[in-house]
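Q:
Numbering (the numbering used here), first residue to last: 17 to 209.
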């Protein structure tokens with residue numbers, strides 16, 4: 017088509033992006049599912065979940081609990097641990113508890129366990145620290161779940177991106193390959209009167 021000289025050029029208006037389609041216009045499916053590898057992992061196995069997004073300011077379960085309005089005990093921390101002789105594994109603990117590395121090492125039958133360096137955690141999981149999910153990790157990792165998590169009606173666990181959580185029933189954690197349920201994060205001691 018030739019434009020006549022002097023004729024104004026028509027500007028094409030860009031349509032707003034449709035979150036359910038790719039750049040080529042092909043359907044992408046449920047945008048919640050395609051949000052993260054963790055969400056895709058759950059969806060592929062038919063495990064029900066709901067994506068919860070929040071403004072990620074600081075890493076940590078307490079920040080996620082405040083931002084989402086969920087009790088801290090229902091926010092699950094995904095910690096990457098190096099266990100002597102076992103390599104890296106994931107330890108899942110409630111947000112209101114601390115992982116007891118001695119107890120974990122004893123339960124695993126290893127001499128020592130320590131939290132992995134952030135760079136090692138990112139390398140083995142394929143996720144950034146502050147956004148590590150137990151689902152869809154780059155490498156298959158053993159998973160240890162604190163038994164108290166399974167007593168909750170629902171939990172929030174990282175979806176694989178900072179500020180993106182998965183609201184789900186804790187039974188979904190039992191679908192992780194090689195998962196073990198142990199008591200690795202005891203309740204904090206009550207303050208003395």
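We put the CB at the ideal spot given by N, CA and C, even for glycine.
When the Cα of residue 200 is compared with those of 129, 65, 86, which residue comes out closest?
A: Residue 200 sits at position 184 when you count from the first residue of the chain shown. For residue 200, the nearest C-alpha among the options comes from 129.
Q: Grouping DSSP H, G and I as helix and E and B as strand, with all else coil, what is residue 176?
A: For the purposes of this step, residue 176 is identified with residue 160 of the chain shown, where counting begins at 1. It is a strand residue.
Q: How would you call residue 101, buried or exposed, if buried means at least 16 neighbouring beta carbons within 10 angstroms?
A: Here residue 101 refers to the residue found at position 85 of the chain shown. Exposed, by the Cβ-count rule.
Q: By DSSP, does residue 158 sit in helix, in strand, or in coil?
A: By 1-based counting over the chain shown, the position of residue 158 is 142. Of the three classes helix, strand and coil, the one that applies to residue 158 here is strand, per DSSP.
Q: Looking at the structure shown, is residue 167 part of a helix, part of a strand, or coil, going by DSSP?
A: Position 151 of the chain shown, counted from the first residue, corresponds to residue 167. Correct three-state label for residue 167: helix.
Q: Assuming residue 146 contacts residue 119 under a Cβ cut-off of 8 Å, what Cβ separation, rounded to an integer in Å, is found between them?
A: As a working note, residue 146 is residue 130 in the chain shown. As a working note, residue 119 is residue 103 in the chain shown. The pair is not a contact, with the Cβ atoms about 25 Å apart (cut-off 8 Å).
Q: What whole-angstrom Cβ distance do residue 95 and residue 107 have, given they're in contact under 8 Å?
A: Start at 1 with the first residue of the chain shown, and residue 95 comes out as number 79. Start at 1 with the first residue of the chain shown, and residue 107 comes out as number 91. At roughly 5 Å, the Cβ-Cβ gap stays under 8 Å, so residue 95 and residue 107 are in contact.
Q: On the CB-based measure, 16 or more other CB atoms within 10 Å of its CB, does residue 135 come out buried or exposed?
A: Looking up residue 135 in the chain shown gives position 119. Answer is exposed; the Cβ neighbour count stays below 16.
Q: Within a Cβ cutoff of 7 Å, which residues of the same chain sit near residue 124, ignoring the five residues on either side of it in sequence?
A: Along the chain shown, read from residue 1 onward, the residue named residue 124 stands at position 108. Correct list, in chain order: 99, 102.
Q: What does residue 98 pair with, by DSSP beta-bridge criteria?
A: Here residue 98 refers to the residue found at position 82 when the chain shown is read from its first residue. 104, 130.
Q: In terms of alpha-carbon separation, which member of 72, 163, 191 lies closest to residue 115?
A: Residue mapping note: residue 115 aligns to position 99 of the chain shown, counting from 1. Checked all of 72, 163, 191; the closest Cα to residue 115 is 163.
Q: Pull up the distance between the alpha-carbon of residue 4 and that of residue 64, whole angstroms please.
A: Here the chain comprises residues numbered 17 to 209, so residue 4 is not present and cannot be evaluated.
Q: Taking Cβ to Cβ, would you say residue 173 is nearer than 8 Å to residue 182?
A: Translated into the one-based positions of the chain shown, residue 173 becomes position 157. Translated into the one-based positions of the chain shown, residue 182 becomes position 166. The answer is yes: Cβ separation under 8 Å.
Q: Helix, strand or coil for residue 86 per DSSP?
A: The residue labelled residue 86 in the question sits at position 70 within the chain shown. In the structure shown, residue 86 sits in coil (DSSP, three-state: anything other than H, G, I, E or B).
Q: Expressed to the nearest angstrom, what Euclidean distance is found between the alpha-carbon atoms of residue 144 and residue 153?
A: Along the chain shown, read from residue 1 onward, the residue named residue 144 stands at position 128. Along the chain shown, read from residue 1 onward, the residue named residue 153 stands at position 137. Using only the alpha carbons, I get a separation of about 11 Å.
Q: At the 8 Å Cβ level, is residue 199 part of the contact set with chain E, yes or no?
A: Protein chains in the displayed structure number just one, and chain E is not present.
Q: Taking the alpha helix (DSSP H) that residue 58 belongs to, which residues open and close that run?
A: On the chain shown, residue 58 is found 42 positions in, with the first residue counted as 1. Its alpha helix (DSSP H) spans residues 53-60.
Q: For residue 185, which residues of its own chain have a beta-carbon under 8 Å away from its beta-carbon, when the five flanking residues on both sides are left out?
A: Taking the first residue of the chain shown as 1, we reach residue 185 at position 169. The residues are 64, 169, 170, 171.
Q: Give the straight-line distance between the Cα atoms of residue 157 and residue 85, rounded to the nearest whole angstrom.
A: Position 141 of the chain shown, counted from the first residue, corresponds to residue 157. Position 69 of the chain shown, counted from the first residue, corresponds to residue 85. Each residue's Cα considered, the two are about 30 Å apart.
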